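For the record, in the sequence shown the residue sitting at position 336 is 337 according to the working numbering, with numbers rising by one throughout.
A virtual CB, placed ideally from N, CA and C, is assigned to each residue, including glycine.
Note that the coordinates shown come from a computational prediction; the quantities given were computed from them, not determined experimentally.
Have a look at the structure below before the remarks.
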Amino acid sequence: MQTLACMRSYKIVLASFLSYLPSRILVILNSLIIVPILAYFLTSSEMSIFQISIGILNFVCTCSTDWIAKSVLRFYRRYHNENRLNEFYSNIAMLEFITILGVFASYFIFKDFVSTKFLLSNKIFFLTLVLVIPCGIRQFLYQLLRILKMPYWYAISIIVYQLSLLGLFFTFSNLIPKSSAILVAMTFAVALIDIILLYKLNLRYKLSIKFDKNIAKNVLIYAIPLVFTNICIWLILHLGKFILQFNKEILNTAIVGTAWFFTTNALTPLFSLLLFAIFPLIIKRFEKKYRLKEFMTSALRLYIAMFLPFVCVFCFYSFDIAKLAFRQEYYYLGLLFPFCAVTIFVHEFMKLMNMKYHLKNRTYVETAISGLVAIVCIVLNFVLIRYFSILGVGIAMLASILLLFTLNSFVNFKHLNFIAPTKVFKTLGTSMLISILAFAIVFLFTYKFNNNYVIVAKIIVFCLLYFALTLKFKKLVLK
C-alpha cells in the first residue's frame, strides 16, 4: 500500500514537472549562449557594472515586488473560493503602486552612495530601478500562469524575451554605452513580455481604489517575514561581489558576478522548476487536509535524483566549461563554478523543504534563522575575501547556505508530518555514488584528450551515463 502511494506521488510530481520542462530547457540553452556573448562584448569594467546592477535589481525586487507576486499565488485560491478576486487584485495593485513609489524615492536617497561606493553612475542606477516596474508586472503574470496552468505561454514568453534581449542589446549598443544598452534592452524586452501576457490572459477584473484592511493584513503578515528572509538570502548570494566592487577589484567583481550569473542561469531554471510546478498542488492538498509526507518526500527524492548530475558537471568539469565558453580573462570562473552550483542546488532544495513555514504561517521562524545566518555570512565574507579574494567569496557563500540548510532542517511543527529524512538521505548517497562512478568511467576513456569537442562530449556522455545507471538502479535510488 505504501509503495502504491509512493508511486502515485512520483507520477503526480513528474506530470506537473514535465508540463513546464520544455520552457525551462529553452531558457537554459539560450542562457548558455547569451551569458558568454555578453562576457565577450562587454569589457571587464562594463561587466562588473552590469553585475552590480543585476545585484541591485534583485535586491530591490526582493524588497518591493516579489513578495506581492508570491502573495497572489498563496492567496488566490482563498479569494477565488470566496468570490472576492476583484477586491483582492485591487488591493494587490495598490500595494504594487505604493512599493514602486518607494523604489523611485530610494533613487534620490541612495544615488550618491551607490555612485561613490560601487562606481555606478546615476544614469545606470536609475535605469536599474526603472527595470523593476516591468519585472514586477512579469512576476505577477507568471504567478497567474502557474495558477491557471498555462505552461506553454510561459515557454513562449521566455523565448521571445531572450531573443528580443539580444536583438535590442546589439541595436542599442550602437547608440549608447554597452552598460546602459543592456539595461535598456532588458527593460524593453520584459515590457514586451508583459504586453503579450496581459493580452493572452485577458484579465477582466474591475479594479477599485477601495482599500480592504483585512486583505492587506493577510498579505503583509504572510509577506513581511518573507521579505526579510529573502534579503538575508540575497546577502548570502550577492554580498561578495559588492565587497569586491567596493574595494575597486573590478576584474574580480566581473569574474564573481559572471560565475554566479552563468551558473544560476544554467541551473536555477531547472532546479526551481519542481517547486514552481508543485507549489499550487501542495497548497491545494494542504487546504484539503491530505497527507503531505509521501508527496513531499517523493518530490525531494526526485529533485536529488534528477538534478545532482548537473551540479556534478559544474564540479567535475568547471575549468573545462570556463575554457569552452569564455575568453582567457575569465579562466578563474572554473574556481567558482563548483561553489555556485552546490549553493544553487542546496538553496532550491531548501525552498522545497521550507514549505512547512508557509503552510503553517510560521515564516517568522525562517526569518529569524535567516537573519542569524546573514550575520555569519557578512563576517565570513569580510574575513575570507581579505585572505582568499574570489575563492573567499565562494567559501563564504557555500558555508553560509549549508549552515542555513542545517538550521532549517532541525525545525519541525506538530501535526505536520512533512518529510521522511532517511529516504531522502538514501537517495542522496546513492545518487552521489552513481555520479562518481559515471565520472570515473568517462575519465577513463577521455583523460588523454582535451579539445572543445571532447569537453562537450564528456559532459553529454557523463549525464547520459548517470541517468542510465539511475534507471538501472532505480529501486535503490527511489524506493
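- The C-beta of H81 has fewer than 16 other C-beta atoms within 10 Å across all chains shown, which makes the residue exposed.
- Separation of the CB atoms of M354 and I420 is rounded to 7 angstroms, and the pair is thereby assigned contact status at 8 angstroms.
- A straight line joining the alpha-carbon of F350 with that of Y304 spans about 7 angstroms.
- Counted as a single uninterrupted DSSP element, the stretch harbouring M151 is not any alpha helix (DSSP H), since DSSP gives it neither H nor E.
- Rounded to whole angstroms, I244 and Y332 show a C-alpha spacing of 21 angstroms.
- Under the three-state reduction of DSSP, F389 is assigned to helix.
- Nearest to T431 by C-alpha distance, out of S401, F474, F389, L408, is F474.
- Taking C-beta separations shorter than 7 angstroms and ignoring five residues to either side along the sequence, the partners of K459 in its chain run Y318, V443, T447, following chain order.
- A Cβ-Cβ distance of about 6 angstroms is found for the pair R302 and L479, placing them in contact under the 8 angstroms criterion.
- Secondary structure note for I53: its alpha helix (DSSP H) is the uninterrupted segment 45-65.
- Residue environment: Y388 is assigned as exposed (fewer than 16 neighbouring CB atoms within 10 Å of its CB, all protein chains considered).
- Going by beta carbons, L275 and A300 fall inside the 9 angstroms limit.
- The closest CA to that of T368, considering only C378, K285, C233, is found on C233.
- Separation of F426 and I283 (C-alpha to C-alpha, rounded to the nearest whole angstrom) is 22 angstroms.
- The beta carbons of V412 and I370 sit closer together than 9 angstroms.
- Residue environment: I125 is assigned as buried (16 or more neighbouring CB atoms within 10 Å of its CB, all protein chains considered).
- When Cβ pairs closer than 8 angstroms are counted between the two stretches, the segment 43-60 is seen to touch the segment 175-190, the count reaching three or more.
- In this chain, the alpha helix (DSSP H) harbouring K214 covers 214-247.
- Per DSSP, S273 lies in no alpha helix (DSSP H) segment and is marked neither H nor E.
- Counting only runs of at least 4 residues, the segment 396-467 fully encloses the following alpha helix (DSSP H) elements, listed from N- to C-terminal order: 422-447.
- Pairing Y143 with Y155 gives a Cβ-Cβ distance under 9 angstroms.
- With contacts defined by Cβ atoms closer than 9 angstroms, L86 and A217 do not form a contacting pair.
- A residue is called buried once 16 or more other Cβ atoms fall within 10 Å of its Cβ, and V380, having fewer, is exposed.
- Residue state for N84 is assigned as coil, using DSSP reduced to three classes.
- Apart from sequence neighbours up to five positions away, the residues of its chain that approach I251 with a beta-carbon distance below 7 angstroms are S45, S46, S49, ordered along the chain.
- Here DSSP, grouped into helix, strand and coil, assigns L128 to helix.
- The segment 186-196 and the segment 131-138 touch, with three or more beta-carbon pairs separated by less than 8 angstroms.
- Only residues of its own chain outside the window of five on either side were considered, and among them F272 have a CB closer than 6 angstroms to the CB of F308, listed in chain order.
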